[in-house]
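J.: Just so we're aligned, residue 282 is where the sequence shown starts under my numbering, counting upward by one.
We put the CB at the ideal spot given by N, CA and C, even for glycine.
Owing to the predicted nature of the structure, the values given are computational and were not obtained by experimental measurement.
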Amino acid sequence: MGNAATLTVPELPKQFTVSVDMPTATAAELSMSIPGARRTSDRSVECTVTDADQVLGLVVVFYELALSAMNAKAALFMRRWLQ
Numbered sequence: 282m283g284n285a286a287t288l289t290v291p292e293l294p295k296q297f298t299v300s301v302d303m304p305t306a307t308a309a310e311l312s313m314s315i316p317g318a319r320r321t322s323d324r325s326v327e328c329t330v331t332d333a334d335q336v337l338g339l340v341v342v343f344y345e346l347a348l349s350a351m352n353a354k355a356a357l358f359m360r361r362w363l364q
């Protein structure tokens, strides 16, 4: 703790780019409703934001979209399995 005064705050970048490979093309398509999102492939989406709060918000939204896509797929798999 004696050297605490010599520690420097790291400089953060001015922009952050979050790229996600979604489990389905439909989830990637739904991600396009996020302002500033752009499609980089059939299942991939990228978004550039300016602060850490926006990065966390994107992570939450992308997670929820991916989870709902996987839940929809799981329902189809279970339906086949139960027949």
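Hey, is the region 326-333 in contact with the region 348-362, meaning 3+ C-beta pairs nearer than 8 Å?
T.: Taking 8 Å as the limit for Cβ pairs, the verdict is that the region 348-362 does not touch the region 326-333.
J.: Give a single yes or no on whether Lys-354 has its beta carbon closer than 7 Å to a heavy atom of the ligand PLP.
T.: In the structure shown, the ligand PLP is absent, as is every other ligand, since no ligand is present at all.
J.: Is DSSP giving Glu-345 helix, strand or coil here?
T.: Along the sequence shown, read from residue 1 onward, the residue named residue 345 stands at position 64. Reduced to three states, the DSSP call for Glu-345 is helix.
J.: Do Ala-350 and Ser-325 have their CB atoms nearer than 8 Å?
T.: Counting from 1 along the sequence shown, the entry for residue 350 is found at position 69. Counting from 1 along the sequence shown, the entry for residue 325 is found at position 44. No.
J.: Based on the DSSP output, what are the partners of Ser-325 in its beta bridges?
T.: As a working mapping, residue 325 is identified with position 44 in the sequence shown. Beta-bridge pairing links Ser-325 to Asp-302.
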